[in-house]
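>
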Amino acid sequence: MNNKSYKKRTNTKKQMSNTVQKLFETCKEVFATGETGCVPPPADIERLRLVLDSMKPEDVNLTPSMPYFNRAENEDAPPITYLHIYECNKFSIGIFCFPPSGVIPLHNHPGMTVFSKLLFGTKHIKSYDWVTEIPSSMDENGNLLRDRQRPGTRLAKVHIDSDCTAPCMTSILYPAAGGNMHCFRALTACAVLDVLGPPYSDSEGRHCAYYHDFPCTIFSDGAELLPEDDKGYAWLEERERPENFVVVGAPYSGPKLLSSS
1 MNNKSYKKRT
11 NTKKQMSNTV
21 QKLFETCKEV
31 FATGETGCVP
41 PPADIERLRL
51 VLDSMKPEDV
61 NLTPSMPYFN
71 RAENEDAPPI
81 TYLHIYECNK
91 FSIGIFCFPP
101 SGVIPLHNHP
111 GMTVFSKLLF
121 GTKHIKSYDW
131 VTEIPSSMDE
141 NGNLLRDRQR
151 PGTRLAKVHI
161 DSDCTAPCMT
171 SILYPAAGGN
181 MHCFRALTAC
191 AVLDVLGPPY
201 SDSEGRHCAY
211 YHDFPCTIFS
221 DGAELLPEDD
231 KGYAWLEERE
241 RPENFVVVGA
251 PYSGPKLLSS
261 S
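Under the UniProt record's numbering, the first residue of the sequence shown carries the number 1, and numbering increases by one thereafter.
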């Protein structure tokens, strides 16, 4: 190997390591409190978003040709691979690898601020936030249509319902805004780098819940529930984790963190 080639490889590895290390160090500062429901200040949110916006698949040693992104023939619900990079009680960093048609079903992020960076590919995302003030619509008998909701359901407003293709800006959701309940469907092979602050923790009340979503008129006897925008709302009903939702772990092969202290 000539000296020029060696220097080029060394510089590339150093750049990759610096990018992942910068993400880690920024997360340590942004999520210093690690408290449930504590949203970092806007300046810190922007600082972390800019780091993630700059990241590329090669920074974490990923390419679409890797086996994680292959879908077996006639496979209705292909498994999704998770590459664990780091986790502590204040934040976690990891990558979800989707084969085409891979789905993460509708789920929540209680008390968490979540950054999702699409590294490559195209996905469809649909997300909701809870509606805290339901408009007072009455039927012909003077009954509030909101009282016709199915027991166990709760009204939510659509935040996003669209396709997303890399390169694109990092999406951010908050404990009570930004699409806290969301689902992903991979339209092509794609990789999503996720930062959660703080991470899921059953012992601290941050349990992942899954939901069915129903059109908002489905329980209203054909009457309009929300006259101004029926299509922008849905009833969400908590469900068990879908049996066909399979996530498998695989070793992360990108640059290692220089320190996890």
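Idealized CB from N, CA, C, for every residue including glycine.
Since the model is a prediction, treat every value here as computed from it, not as a measurement.
Output the distance between the C-alpha atoms of residue 155 and residue 85, rounded to the nearest integer angstrom.
Taking the sequence shown and counting its residues from 1, the one referred to as residue 155 is at position 155. Taking the sequence shown and counting its residues from 1, the one referred to as residue 85 is at position 85. Taking the straight line from one Cα to the other gives about 36 Å.
> Output yes if chain D places a C-beta closer than 8 Å to the C-beta of residue 22; else output no.
Structure shown: chain D not included; a single protein chain is present.
> Tell me where the alpha helix (DSSP H) around residue 189 begins and ends.
Here the question's residue 189 lines up with position 189 in the sequence shown. Element bounds for residue 189: n/a, residue is neither H nor E.
> Measuring alpha carbon to alpha carbon, tell me which residue in 252, 240, 255, 192 is nearest residue 107.
Residue mapping note: residue 107 aligns to position 107 of the sequence shown, counting from 1. Here the closest residue by C-alpha is 240.
> Taking 7 Å as the limit between beta carbons, can you name the residues of its chain near residue 165, skipping five residues before and five after?
Taking the first residue of the sequence shown as position 1, residue 165 is located at position 165. These residues qualify, in order along the chain: 122.
> Return the chain-ordered list of same chain residues with a C-beta closer than 6 Å to the C-beta of residue 58, the five sequence neighbours on each side being excluded.
What you label residue 58 is simply residue 58 of the sequence shown in a count that begins at 1. Taken in chain order, the list of residues that qualify is empty.
> According to DSSP, simplified to helix, strand and coil, what is residue 102?
Position 102 of the sequence shown, counted from the first residue, corresponds to residue 102. Coil.
> Could you give the distance in angstroms between the alpha-carbon of residue 89 and the alpha-carbon of residue 132?
By 1-based counting over the sequence shown, the position of residue 89 is 89. By 1-based counting over the sequence shown, the position of residue 132 is 132. C-alpha separation (whole angstroms): 29 Å.
> Comparing C-alpha positions only, which one of 190, 51, 83 sits nearest to residue 254?
Position 254 of the sequence shown holds residue 254. The candidate whose alpha carbon is nearest that of residue 254 is 83.
> Smallest Cα separation from residue 38: which of 77, 112, 208?
Residue 38 sits at position 38 when you count from the first residue of the sequence shown. The shortest Cα separation from residue 38 among 77, 112, 208 belongs to 112.
> In this structure, does DSSP put residue 29 in helix, strand or coil?
Here the question's residue 29 lines up with position 29 in the sequence shown. In this structure, residue 29 counts as helix in the three-state DSSP scheme.
> Which of helix, strand or coil does DSSP assign to residue 123?
Counted from its first residue, the sequence shown places residue 123 at position 123. Looking at residue 123 - three-state DSSP - the assignment turns out to be strand.
> Classify residue 63: buried if its beta carbon has 16 or more other beta carbons within 10 angstroms, exposed otherwise.
Residue mapping note: residue 63 aligns to position 63 of the sequence shown, counting from 1. Exposed: under 16 other Cβ atoms inside 10 Å.
> Can you list, in chain order, the residues of its chain whose CB lies under 6 Å from that of residue 175, leaving out five sequence neighbours each side?
As a first step, residue 175 is located in the sequence shown; it is residue number 175 there, counting from the start. So the qualifying residues of the chain are 37, 111.
> Leaving out five residues before and five after residue 103 in sequence, what residues of the same chain have Cβ atoms less than 6 Å from its Cβ?
For this step, residue 103 is matched to residue 103 along the sequence shown. The residues are 185.
> DSSP three-state label for residue 81, please.
As a working note, residue 81 is residue 81 in the sequence shown. Of the three classes helix, strand and coil, the one that applies to residue 81 here is strand, per DSSP.
> Nearest-angstrom Cα distance between residue 214 and residue 236?
Here residue 214 is taken as the residue at index 214 of the sequence shown, counted from 1. Here residue 236 is taken as the residue at index 236 of the sequence shown, counted from 1. Rounded to whole angstroms, residue 214 to residue 236 spans 6 Å at the Cα level.
> Let me know if residue 151 comes out buried or exposed under the rule of 16 or more other beta-carbons within 10 Å of its beta-carbon.
If you number the sequence shown from 1, residue 151 lands on position 151. The residue is exposed, with fewer than 16 neighbouring Cβ atoms inside 10 Å.
> So the candidates are 245, 178, 216, 23; which of them puts its Cα closest to the Cα of residue 94?
Numbered from its first residue, the sequence shown carries residue 94 at position 94. Answer by Cα proximity: 23.
> What does the alpha-carbon distance come out to for the pair residue 245 and residue 69?
Counting from one through the sequence shown, the residue named residue 245 turns up at place 245. Counting from one through the sequence shown, the residue named residue 69 turns up at place 69. So the two alpha carbons sit approximately 16 Å from each other.
> Quick test of your reading: residue 258 and residue 192, contact by CB under 8 Å. State the CB separation rounded to the nearest angstrom.
By one-based count along the sequence shown, residue 258 stands at place 258. By one-based count along the sequence shown, residue 192 stands at place 192. Wrong, their Cβ atoms sit about 24 Å apart, outside the cutoff.
> With the cut-off set at 8 Å, would you say residue 177 and residue 98 are in Cβ contact?
Taking the sequence shown and counting its residues from 1, one reaches residue 177 at position 177. Taking the sequence shown and counting its residues from 1, one reaches residue 98 at position 98. No, Cβ-Cβ distance for residue 177 and residue 98 is not below 8 Å.
> Just to check, is the beta-carbon of residue 174 closer than 7 Å to a non-hydrogen atom of the ligand FMN?
Among the components modelled here there is no ligand, and therefore nothing to report on the ligand FMN.
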